[in-house]
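Heads up, the thing below is written out as structure tokens.
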Amino acid sequence: MRHPTADRANVVQFDNVAVRYGYGPEILQDVSFSLPAGSFHFLTGSSGAGKSSLLRLMYLAQRQSRGRIVLFGRDIATSRRYELPALRRRVGVVFQDFRLLDHLSAMDNVALPLRVAGASENDIRKFVPDLLTWVGLADHLHAKPPTLSGGQKQRVAIARAVIGRPDLLLADEPTGNVDDHIAMRLMYLFEELNKLGTTVMVATHNENLVSRLPYPQLHLENGQMRRG
Ligand SMILES: Nc1ncnc2c1ncn2[C@@H]1O[C@H](COP(=O)(O)OP(=O)(O)OP(=O)(O)O)[C@@H](O)[C@H]1O
Ligand SMILES: [Mg+2]
Numbered sequence: 001m002r003h004p005t006a007d008r009a010n011v012v013q014f015d016n017v018a019v020r021y022g023y024g025p026e027i028l029q030d031v032s033f034s035l036p037a038g039s040f041h042f043l044t045g046s047s048g049a050g051k052s053s054l055l056r057l058m059y060l061a062q063r064q065s066r067g068r069i070v071l072f073g074r075d076i077a078t079s080r081r082y083e084l085p086a087l088r089r090r091v092g093v094v095f096q097d098f099r100l101l102d103h104l105s106a107m108d109n110v111a112l113p114l115r116v117a118g119a120s121e122n123d124i125r126k127f128v129p130d131l132l133t134w135v136g137l138a139d140h141l142h143a144k145p146p147t148l149s150g151g152q153k154q155r156v157a158i159a160r161a162v163i164g165r166p167d168l169l170l171a172d173e174p175t176g177n178v179d180d181h182i183a184m185r186l187m188y189l190f191e192e193l194n195k196l197g198t199t200v201m202v203a204t205h206n207e208n209l210v211s212r213l214p215y216p217q218l219h220l221e222n223g224q225m226r227r228g
């Protein structure tokens, strides 16, 4: 699932982007930043600062109200509608609210992106249990999400987001439900993915995580972004 264009220049570029919901005020204003291919950034800011909203723009679940967003070299606003799903498939997302499919086992939830990409069942049986074991869910491969704890669901969501080695990984508060030990282990997974070439952005409140890892911080405050 690797694409040559992801290897050059910026994977994401925002120029003076603003977001508003309905007729409400702009909750983000004049946000400009870029994510160079292969970079790793934290996205910080207090609750309600707009972290999830910013990530939603990047995985095409939300339109900007102003400004320009370029994803994998394509201007989102001027791209054809039929071109967008292919861009979207290059993005792995860990949703703040997990969004697992409750009727599928942990294994099948994680296998989903591989199946969509046409992977063989052999490969799925080879990779998915390994990854779930690595995140500490060896005993829950066949469990359905409603029977899992918050932290367990979060780890299934993370495994699903990384299994296809996306070009861009967006993780929204991915360690919000686990203790510090597991949090560091999950961050290690993101770092390994990053070493393989994935551009990573992790939105988090976890000061401990941000201070222990050497990655730059983009900080949202009062609708604006600044480098931390
Ligand atoms: N669907 C929506 N409709 C209207 N307003 C929204 C919607 N989603 C978010 N908002 C508003 O946008 C602002 C930013 O919300 P957002 O969820 O992006 O913040 P956040 O930084 O992710 O917060 P948290 O750390 O609590 O997850 C908030 O004021 C919120 O009330
Ligand atoms: Mg949020």
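Using the UniProt record's numbering, read the sequence shown as starting at 1 and increasing by one per residue. Ideal placement from N, C-alpha and C gives every residue a C-beta, glycine not left out.
Contact test: residue i Cβ vs ligand 1 heavy atom, cutoff 8 Å
i    : result
G150 : no
I27  : yes
L54  : yes
H41  : no
A117 : no
S47  : yes
Q13  : no
A203 : yes
Q154 : no
Y215 : no
Y23  : no
L209 : no
L220 : yes
C-alpha distance - residue i paired with residue j, whole-angstrom precision
i    : j    : result
G48  : G22  : 17 Å
V202 : K153 : 18 Å
D7   : G24  : Low confidence applies here, because D7 scores a pLDDT of 43, under 50, leaving its location unreliable and the question unanswered by this model.
L141 : Q29  : 43 Å
V12  : Y188 : 23 Å
N10  : S39  : 9 Å
A86  : T198 : 17 Å
R2   : N208 : Low confidence applies to R2: its pLDDT is 48, below 50, so where it sits in the model is not reliable enough to give any reading.
R90  : L168 : 6 Å
E121 : F127 : 10 Å
A77  : I69  : 7 Å
R226 : L220 : 7 Å
T147 : G223 : 38 Å
F98  : P174 : 9 Å
D179 : D172 : 16 Å
Check: residue i C-beta below 8 Å from any heavy atom of ligand 2
i    : result
E173 : yes
Q224 : no
Q64  : no
E51  : It should be pointed out that residue 51 corresponds to Lys in this sequence rather than to Glu. For ligand 2, at least one heavy atom lies less than 8 Å from the Cβ of K51.
Segment limits, alpha helix (DSSP H) that includes residue i
i    : result
S211 : 207-212
H181 : 180-195
R80  : Premise fails: R80 is in no alpha helix (DSSP H) and is neither H nor E.
The beta strand (DSSP E) enclosing residue i, as first and last residue numbers
i    : result
Q217 : 217-221
T133 : No beta strand (DSSP E) contains T133, which is instead part of the alpha helix (DSSP H) from 121-134.
N177 : It is not in any beta strand (DSSP E) - N177 carries neither H nor E in the DSSP assignment.
D30  : 26-36
R88  : Element bounds for R88: not the beta strand (DSSP E) but the alpha helix (DSSP H), 84-88.
CB contact check: residue i to chain B, cutoff 9 Å
i    : result
Y188 : The displayed structure is made up of one protein chain only, and chain B is not part of it.
Does the count of Cβ pairs from the segment 103-117 and the segment 173-185 closer than 8 Å reach three? no
Take every Cβ of the segment 111-120, pair it with every Cβ of the segment 163-173, and state whether three or more of those distances are shorter than 8 Å. yes
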